[in-house]
Every structure is written in C-alpha cells, then in structure tokens.
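Novice: I'd like to ask you about the structure that follows.
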Amino acid sequence: ESMDRVNYSVVSEFVLIGLSNSWEMNLFLFWFFLVFYVGIILGNLFIVFTVIIDSHLHSPMYFLLANLSLLDLGLSSTTVPKMISDLLTNCNVISFPKCMTQIFFIHVMGGVEMVLLIAMAYDRYTAICKPLHYLSVMSRKMCVSFVVAAWMVEIIHAVSQFVFVINLPFCGPDKVDSFYCDFPRIMKLACVDTYKLEFVIIANSGFISMATFFSLIISYIFILVTVWKRSSGDLSKAFVTLSAHITVVILFFMPCMFLYVWPFPTTSLDKYFFIVDFAITPVLNPAIYTLRNKDMRVAMKDWANRFQFCV
6 ESMDRVNYSV VSEFVLIGLS NSWEMNLFLF WFFLVFYVGI ILGNLFIVFT
56 VIIDSHLHSP MYFLLANLSL LDLGLSSTTV PKMISDLLTN CNVISFPKCM
106 TQIFFIHVMG GVEMVLLIAM AYDRYTAICK PLHYLSVMSR KMCVSFVVAA
156 WMVEIIHAVS QFVFVINLPF CGPDKVDSFY CDFPRIMKLA CVDTYKLEFV
206 IIANSGFISM ATFFSLIISY IFILVTVWKR SSGDLSKAFV TLSAHITVVI
256 LFFMPCMFLY VWPFPTTSLD KYFFIVDFAI TPVLNPAIYT LRNKDMRVAM
306 KDWANRFQFC V
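When we follow the working numbering, the leftmost residue of the sequence shown carries the number 6, and every step to the right adds one.
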C-alpha cells in the first residue's frame with residue numbers, strides 16, 4: 006500500500022534549497038565539504054584498518070571505535086556527496102524515493118551511533134571503575150551483541166516512524182529548506198494536519214536524544230567521581246581519557262536535541278547545526294581518538310616506520 010501511495014503522490018520530487026544562494030558562497034562550501042569528506046573517508050578508514058591489522062588493538066574499546074568510524078563514514082555519506090554534487094551542478098532536486106531512503110538511513114545510522122556511544126561509555130566505566138572484571142564483562146561476545154542489538158533496535162525504531170511519514174499525501178509545495186531530507190521539514194510539506202505525528206516524533210526521537218545525552222554525561226561524571234575518590238583528587242589522567250568522549254558526545258547530540266526536542270516549526274538555523282553531525286564530527290572523531298590515545302599513536306608510528314622501510 007505504501008508503494009502505491011508513493012506512486013500516486015502528486016509530488017514526485019523535492020527541491021533542496023541548500024545552504025546559500027550566492028555562487029561565491031556555494032563555491033567555498035563545495036571545497037569546504039569536499040576537503041572534509043575526503044578527510045572523513047581517509048581518517049575513518051585509517052582507524053578501521055589500523056584496528057583490524059594491529060593485534061595490539063584487538064580489544065573491546067578499539068572494536069567499538071572501529072564501528073563508530075564506520076558509522077561516521079556511513080552517516081556523512083547519506084548527505085555530504087549529494088550536497089557536494091548539488092553545490093557544483095546547482096541541480097538541487099531529490100526524488101521522493103531517494104528522499105525517503107535518505108531519511109531512513111540517517112535515522113538508522115544516527116540511532117546506532119547513539120547506542121554505540123553508550124557502549125563506549127560503559128566500556129570506559131568498566132575499565133576505570135571495575136578493572137578486575139573488565140575482560141569478563143566486556144568480552145568479544147558482549148561487544149558483538151552491543152553492535153548487533155543496536156542495528157536491530159534502530160532499524161525497528163526508524164521503520165516505526167518511517168511508516169507514518171511515507172503514507173502522508175504530498176500534493177503542493179515541494180521546496181525543502183535544507184541540504185538534506187528529514188522528518189520535520191518533509192512533514193511540513195504534507196497536505197494534511199501533521200500535529201499528532203509531529204508530537205509522536207518529538208516524543209520519540211527527541212526523548213531518546215535527550216535521555217541518551219544526559220545518561221552519557223551522568224555516567225562520565227560518575228566515572229570522574231570514582232577516580233577522584235580512588236586517586237586522592239588526581240583526575241588528570243581520567244579527564245584526558247574522558248574529555249575526548251565527552252567532546253564527541255556534546256558535538257553529536259547538540260544538533261539532534263536542537264532539531265527534535267522542539268522541532269516544529271523548524272527554523273533556517275537547523276540546517277547549519279547539522280553540518281556538525283554530517284561533516285565536522287565525523288572528521289574530528291579520528292583526530293580526537295587517535296591523537297589523544299597512546300595505543301593509536303604507537304600504531305601510527307609503526308605504520309610510518311613500515312612505510313619508510315618499504316620506500
């Protein structure tokens with residue numbers, strides 16, 4: 006039935022207004038996003054391959070980090086290549102099925118990343134607060150279960166929202182004031198009153214974003230308090246380790262909460278906030294986790310030494 010509704014919708018494509026109408030600004034944004042996207046690909050694939058190849062990094066923390074890198078790459082790939090292409094060709098049109106596909110994958114991968122950040126916080130909590138039980142608690146089976154459960158839960162979660170939106174009738178305006186498709190902006194274009202559905206999405210995505218964010222911040226505070234008690238007030242080492250995680254969490258969740266906690270009506274500012282999630286955070290994550298991590302720095306030196314030896 007949903008496919009029939011797609012076929013019979015009067016609106017068969019949407020026009021993405023993008024970030025700017027200025028040619029000079031679009032050219033600047035084209036190079037900005039192109040450089041960032043190349044950085045996202047190289048940085049995240051470097052982490053994934055380093056974790057796979059280096060036996061010293063075959064631990065729960067790096068398994069989760071490699072998965073985070075793949076998710077960052079996937080999440081940015083849902084929007085950034087299309088945006089780069091639109092900036093260059095000025096053809097800002099997206100078909101109805103592609104728009105719905107983009108929404109689906111943004112919500113699935115964004116949701117999985119939330120669950121993965123919880124898993125990484127739990128990993129750090131276990132390593133710092135219960136070091137003797139670390140290997141038994143964060144076993145390989147546990148880590149794989151975390152990732153598999155995250156994907157299953159988020160696919161169900163995304164489908165539960167997606168089913169409502171794909172069945173909405175679109176028969177009038179087709180201009181989306183953004184560079185990508187998402188629930189709040191697409192629902193504004195529907196020919197029916199979407200107040201109840203807006204409330205469902207606020208209660209759903211908004212509540213999940215806020216609950217996850219505050220759970221993570223509270224868990225990091227708990228870890229710091231635990232370390233402070235054990236080390237007679239010396240927090241420096243734990244804070245250096247956790248500050249990277251806290252930075253990632255704040256950068257990732259702020260745009261989500263801004264859009265989904267009070268999203269209707271959306272403002273033109275929202276789209277700029279999501280540049281952080283789609284372009285800036287995915288390129289910062291590899292830098293944050295590699296430059297602040299001793300094992301990753303050692304692995305990078307080994308790579309550099311091998312490369313020099315081969316040359």
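Every residue gets a Cβ at the ideal spot worked out from N, C-alpha and C, and that includes glycine.
Confirm, please, whether the CB-CB distance from V117 to E159 is below 8 Å.
Specialist: Taking 8 Å as the Cβ cut-off, E159 and V117 qualify as a contacting pair.
Novice: Could you check the C-alpha separation between S27 and F35 for me, to the nearest Å?
Specialist: One C-alpha to the other measures close to 12 Å.
Novice: Name the DSSP beta bridge partners of I167, please?
Specialist: For clarity, residue 167 is Phe in the given sequence; the question names Ile instead. Paired residue(s): none; F167 is not in a bridge.
Novice: Could you tell me the boundaries of the beta strand (DSSP E) in which F283 lies?
Specialist: Looking at the DSSP string, F283 is not in any beta strand (DSSP E), and its letter there is neither H nor E.
Novice: Whether or not the segment 105-120 and the segment 75-86 are in contact is what I'm after, with contact meaning three or more pairs of Cβ atoms, one per stretch, closer than 8 Å; do they touch?
Specialist: Cβ pair count under 8 Å is three or more, so yes.
Novice: I'd like to know whether the C-beta atoms of L39 and I89 end up nearer to each other than 8 Å.
Specialist: Yes, the pair counts as a contact, with Cβ atoms nearer than the cut-off.
Novice: Leaving out five residues before and five after V181 in sequence, what residues of the same chain have Cβ atoms less than 6 Å from its Cβ?
Specialist: The residues are F19, L21 and R190.
Novice: At the level of alpha carbons, what is the spacing between N310 and V164?
Specialist: Computed Cα separation, rounded: 48 Å.
Novice: For the segment 134-153 against the segment 54-62, are there 3 or more C-beta pairs whose distance is under 8 Å?
Specialist: In short, these stretches do not touch, since the Cβ pair count stays below three.
Novice: Per DSSP, which one or two residues make a beta bridge with F218?
Specialist: Note: F218 sits in no beta bridge, so no partner.
Novice: With distance defined between alpha-carbon atoms, name the residue in L122, M305, A292 and V43 nearest to F257.
Specialist: Out of L122, M305, A292 and V43, L122 has the C-alpha closest to the C-alpha of F257.
Novice: What residues in its chain sit with their C-beta under 7 Å from that of S81, if we drop five residues either side in the sequence?
Specialist: Excluding positions up to five away in sequence, the list reads Y42, I45, F283, A284 and P287.
Novice: With 16 as the cutoff for other CB atoms within 10 Å, does T3 come out buried or exposed?
Specialist: Residue 3 is absent from the model: the chain starts at 6 and stops at 316.
Novice: Going by beta carbon distance, what residues of the same chain come within less than 7 Å of A155, once the five residues before and after it are set aside?
Specialist: Same-chain partners within the cutoff: V117, V120 and L121.
Novice: For the alpha helix (DSSP H) containing I22, name the first residue and the last one.
Specialist: Taken as a continuous stretch (DSSP letters only), I22 belongs to no alpha helix (DSSP H), as it is neither H nor E.
Novice: From C96 to Y200, what distance separates their C-alpha atoms?
Specialist: If I take the Cα positions, the gap works out to 32 Å.
Novice: The beta strand (DSSP E) spanning V98 covers which residue range?
Specialist: It spans V98 to S100 - the beta strand (DSSP E) in which V98 sits, taken as one unbroken run.
Novice: Quick one: grab the DSSP three-state call for V16.
Specialist: In the structure shown, V16 sits in coil (DSSP, three-state: anything other than H, G, I, E or B).
Novice: Whole angstroms is fine: what's the gap from Y130's alpha carbon to A124's?
Specialist: Roughly 10 Å separates the two Cα atoms.
Novice: Which residue or residues does DSSP assign as beta-bridge partners of V181?
Specialist: Answer by DSSP bridge pairing, in chain order: L21.
Novice: Just mark G177 as buried or exposed, buried being the case when its beta carbon has 16 or more other beta carbons within 10 Å.
Specialist: Counting Cβ neighbours within 10 Å, G177 comes out exposed, since fewer than 16 surround it.
Novice: Looking only at C-alpha atoms, which of V16, D59, G23 and S17 sits nearest to R302?
Specialist: That would be D59, whose Cα lies nearest to the Cα of R302.
Novice: Hey, is the segment 247-266 in contact with the segment 220-228, meaning 3+ C-beta pairs nearer than 8 Å?
Specialist: These segments touch.
Novice: Which of the three DSSP states is assigned to N72 in this structure?
Specialist: It is helical.
Novice: In three-state DSSP terms, what is D77?
Specialist: Helix, per DSSP.
Novice: Beta-carbon within less than 8 Å of V11's beta-carbon, same chain only, minus the 5 sequence neighbours each way: which residues are those?
Specialist: Caution is warranted here: a pLDDT of 46 is assigned to V11, below 50, making its placement in the model unreliable, and no coordinate value can be reported.
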